[in-house]
Each structure stands twice: as structure tokens, then as C-alpha cells.
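Its first residue numbered 0, the sequence shown is counted upward by one per residue in numbering that gives the first Met the number 0. Beta carbons: idealized from backbone N, C-alpha and C, even for Gly. Bear in mind that the values here come from a model prediction, so they are computed numbers and not experimental data. First comes the structure, then the notes that go with it.
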Amino acid sequence: MSENRSGRAFDPPIRNPNRIDVGWTIASICGLAALLVVFNAFPERIGVIVSADDPSSFVPLLAPEFFEDLLLRLNVWWGLALALNVVNLYYDRWMWGTRLADYALTFFGMFILLKVIFSPILGVNPERVQPGQPAVLVAERLVPLLTWLVKGGLAAALIATLVSLGVKLRSLHRMQRLASAHS
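Here it is as C-alpha cells:
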């Protein structure tokens with residue numbers, strides 16, 4: 000706390016909780032656009048090259064079932080999140096409707112992450128490694144580790160999303176408390 004000319008202490012001004020962070024919003028828009036492009040235009044390039052000497056040692060990370068089952072949901076989630084970020088950037092602030100949409104998108108994202116984590120659709124499958132490759136032995140050892148890392152990363156993302164939702168709800172509760180105190 001600091002003091003004014005009369006010597007009385009006052010609190011520093013509170014940052015407007017409805018303002019958006021423009022830099023973070025633009026970074027989110029770029030990240031979401033990149034995800035949409037990579038997963039829709041170059042899905043066959045998402046994977047791991049086991050041997051740098053042998054380009055045929057490429058192991059795809061996405062099963063064909065991924066495209067049938069999850070890609071549509073991911074596209075909807077990413078597209079709506081992209082639209083939400085653009086609307087927030089346009090208005091330069093959060094509004095009641097955009098906050099509500101953000102909470103709904105967070106729940107939808109958690110549902111999708113859970114589905115991806117507990118499905119065999121994502122992750123490297125040793126059966127997809129082409130037999131006869133010199134890197135097959137390396138791939139057989141590497142595949143379980145990569146699958147574990149991918150699913151572990153998604154589980155960490157799910158936990159971060161849950162924490163983020165808690166922070167958002169706490170901030171909403173605090174804003175409502177401040178609004179009712181001023182009324």
C-alpha cells in the first residue's frame with residue numbers, strides 16, 4: 000500500500016478483470032490456427048522418425064480411427080476457441096456471454112482430453128511400424144515410451160485445464176462478490 004498527500008493509506012487500483020491480455024490472445028489465435036492446419040492438412044506427417052538415416056522408419060502417431068472418432072470434436076473445440084479469442088480481441092474485453100462460452104469450452108475440452116487419454120486412438124502402436132525396417136527393434140522399445148509420454152502430456156494438459164477452470168470460477172466468484180458489495 001502507498002500513501003496519498005493526506006498521509007492516509009489507500010489500495011492500488013485494481014486491474015479491470017474484464018480486460019483481455021492482447022498478447023496472450025494473439026498467441027492463442029496463432030496456436031489454434033496452427034493446430035487446425037497441421038491436423039487437417041498434414042495429418043500423415045504427425046509421427047516420429049526412428050532413424051535419421053532411414054526416412055522410411057517414420058512411425059505415425061495417429062491411428063486411422065483418430066480421424067473417424069476424434070478429429071471432428073477437436074476441430075469443433077479448436078474452431079470455437081479460435082472464434083472466442085477473435086471476439087475477445089475485437090471487443091478488447093470479456094463479456095458475460097464470452098465468459099460463459101469460455102467455461103463451456105473448458106468443460107468440452109476436458110471431455111475431449113479424457114476421451115483421447117483413455118482411447119487407443121492416440122499414441123504409437125508397434126503394429127503400425129512396417130516390418131523389415133532396420134529400425135524395428137529400436138521402434139519396439141521406443142513405442143511404449145512415446146505412447147506413455149504422449150498420454151502423460153495429455154494428462155498434464157487435463158490437470159492444467161482443471162486448475163485453469165478453478166481459477167476462472169474463483170475469479171468469477173470474486174467479481175460477483177465485489178459487484179454485490181458496491182450495490
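- A residue is called buried once 16 or more other Cβ atoms fall within 10 Å of its Cβ, and GLY22, having fewer, is exposed.
- Bounds of the alpha helix (DSSP H) holding MET109 are 95-116.
- The way I'd put it, the segment 142-162 does touch the segment 103-116; three or more beta-carbon pairs between them come closer than 8 Å.
- Taken atom to atom, the span from the alpha-carbon of SER179 to that of LEU164 is near 23 Å.
- From the listed residues LEU161, LEU145, LEU60, the smallest Cα separation to ASP101 is found for LEU161.
- The secondary-structure analysis by DSSP pairs ARG92 across a beta bridge with ARG18.
- DSSP, reduced to helix, strand and coil, places PHE65 within a helical segment of the structure shown.
- Between LEU31 and ALA80, the C-beta spacing is below 8 Å.
- In this structure LEU60 touches GLY46 by the C-beta definition: roughly 4 Å separates them, less than 8 Å.
- Across the set LEU144, ARG92, LYS150, the C-alpha of ARG92 shows the shortest separation from the C-alpha of ASN15.
- In this structure, TRP77 is the residue among TRP77, ASN39, TRP147, GLY152 with its C-alpha nearest to the C-alpha of ILE28.
- Annotated three-state conformation of ILE45 is coil, per DSSP.
- Under a 10 Å Cβ-count criterion, PHE65 is classified as buried, with 16 or more other Cβ atoms of the shown protein chains found around its own Cβ.
- Proximity to ASN39 across VAL58, ALA51, ASP52, VAL75 peaks at VAL75, based on C-alpha coordinates.
- Assignment of beta-bridge partners to PRO59 by DSSP yields GLY46.
- Classified as exposed, LEU168 has fewer than 16 neighbouring CB atoms from the shown chains inside 10 Å of its CB.
- Closest option to ILE48, judged by alpha-carbon separation, among LYS150, SER118, LEU145, LEU104: LEU145.
- Distance between TYR90 and PHE57, taken at the CA atoms: about 45 Å.
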